[in-house]
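Whatever position you read off the sequence shown (first residue = 1), add 1066 for our numbering. For glycine and all other residues, C-beta sits at the position ideal for the given N, C-alpha and C. Keep in mind the model is a prediction, meaning the values are calculated, not measured. Heads up, the thing below is written out as structure tokens.
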Amino acid sequence: MTRIDDFEGKTALITGAADGIGAALAEALTRAGAHVLASDIDVEKLKETSARIGCDWALCDVSDEGAVAELVDRAWSEIGPIDLVCANAGVIVPGSILDVSREDIDFIFGVNVWGIVNICRPYIRKLRETDRGGYALLTGSEHSLSNPAYLRGAPLHLYNMTKHAVLSIGESLRAEFGSEGLGVSVLCPGPVESGLSVNSEAHRPLRYGAQGEIDFSKVDPDAISGLGTLYMSAARAAEIALHGVRVEAFVIPTHAFEKEDVDARYAETVAGFALLE
1067 MTRIDDFEGK TALITGAADG IGAALAEALT RAGAHVLASD IDVEKLKETS
1117 ARIGCDWALC DVSDEGAVAE LVDRAWSEIG PIDLVCANAG VIVPGSILDV
1167 SREDIDFIFG VNVWGIVNIC RPYIRKLRET DRGGYALLTG SEHSLSNPAY
1217 LRGAPLHLYN MTKHAVLSIG ESLRAEFGSE GLGVSVLCPG PVESGLSVNS
1267 EAHRPLRYGA QGEIDFSKVD PDAISGLGTL YMSAARAAEI ALHGVRVEAF
1317 VIPTHAFEKE DVDARYAETV AGFALLE
């Protein structure tokens, strides 16, 4: 496995880097001396962020497999072999599983799941071609580890499914390519300050159609009333993420309370095995 103890002189390619955790990762890595290529679908905000940070940028829709392959080629030629890929782009589509459209489902899976696969495949091929090791930091969510108790009143069911898939992608990449020198971490952030909800709808590619009307009448306001007090800055989340990469942590949570839901899921699993006794 490739270990990154120090980001000085390293190269990094980041998706979903116009704001939120992606922008914070780009800033932290640039400040640490890395050469960063930041990418996003929001070109105007990406330009502003890159100018402020002082890093390179490239427009990319991660749900477009061909565009992502071109992005990896461009990064390799412009800033050199990539030491760290941060597959961070993500969207959210609220709504009941029964009410959302097929286009809604394709959109959120296209970005949150295929977006990660789309960048990891050409990246790993490049590593193989050049006989190098590398590192992939995948942005999942606390939803990767469990269905958070405090959010069960919110219509985030599709998001929950896609982010749980990210954990499995990370496990699969580690199992297949770890022996070839690929390090893998899955960032599992709790509430972090970002424009996720607004940006998801504003920059939805036309091929996915318009987002349908969302019925919030079934949301229990008491179930999400404390959410606002839990938010962490994107800068702090990025700091935690990069520390996790340095120590080669596979799962990188950002909030201690996530463990309560993990413990509850583990207890359910153990109870299931008890049926076999």
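- Cβ atoms of D1122 and L1103 come within 8 Å of each other, at about 5 Å.
- In the three-state reduction of the DSSP assignment, P1188 falls in the helix class.
- Here the alpha carbons of R1273 and H1230 stand approximately 25 Å from one another.
- Under the DSSP definition of a beta bridge, H1101 partners with T1077.
- In the pairwise beta carbon analysis, the region 1218 to 1234 is classified as touching the region 1151 to 1160: at least three pairs are separated by under 8 Å.
- Per DSSP, V1258 is not a residue of any alpha helix (DSSP H), being assigned neither H nor E.
- Selection A1322, R1140 and V1183 evaluated against A1124 yields R1140 as nearest (Cα-Cα).
- Nearest in C-alpha terms to R1194, of all of L1203, R1331, A1307 and I1148, is I1148.
- Looking from the CA of Y1216, the closest CA among G1199, V1179, C1186 and G1256 belongs to G1256.
- Within the region 1295 to 1328, the complete alpha helix (DSSP H) segments at least 4 residues long are 1300 to 1312, listed from N- to C-terminus.
- Apart from the 5 residues on each side of it in sequence, A1100 sits with its Cβ closer than 6 Å to the Cβ of F1073, K1076 and A1078 in its chain, given in chain order.
- In the structure shown, V1159 falls within a coil segment according to DSSP collapsed to helix, strand and coil.
- DSSP places T1205 in the uninterrupted beta strand (DSSP E) bounded by G1200 to T1205.
- Proximity to M1227 across I1318, G1176 and A1133 peaks at G1176, based on C-alpha coordinates.
- F1316 is positioned such that its CB atom lies closer than 8 Å to that of R1240.
- Beta-bridge partners of L1253 (DSSP): T1205 and I1318.
- Following the DSSP letters along the chain, one finds V1134 inside the alpha helix (DSSP H) bounded by residues E1131 to I1145.
- Beta-carbon to beta-carbon, V1258 and G1088 are separated by about 11 Å, too far to satisfy the 8 Å threshold.
- Within the same chain, Cβ atoms closer than 7 Å to the Cβ of S1260 are found at D1085, G1086, I1087 and A1300, the five residues on either side in sequence being excluded.
- Residue pairing from DSSP places A1153 in a beta bridge opposite L1204.
- The C-beta distance from G1200 to G1247 rounds to 7 Å, short enough to meet the 8 Å contact threshold.
- When DSSP states are grouped into helix, strand and coil, A1124 belongs to the strand group.
- In the three-state DSSP reduction, D1071 falls in the coil class, being neither helix nor strand.
- Looking at the backbone, the Cα of R1168 and that of W1142 are separated by about 35 Å.
- As computed with DSSP, D1106 is found in a beta bridge with L1125.
- By a beta-carbon distance limit of 8 Å, G1206 contacts C1254. Their separation comes to about 5 Å.
- No Cβ-Cβ contact shorter than 8 Å links V1328 with S1251.
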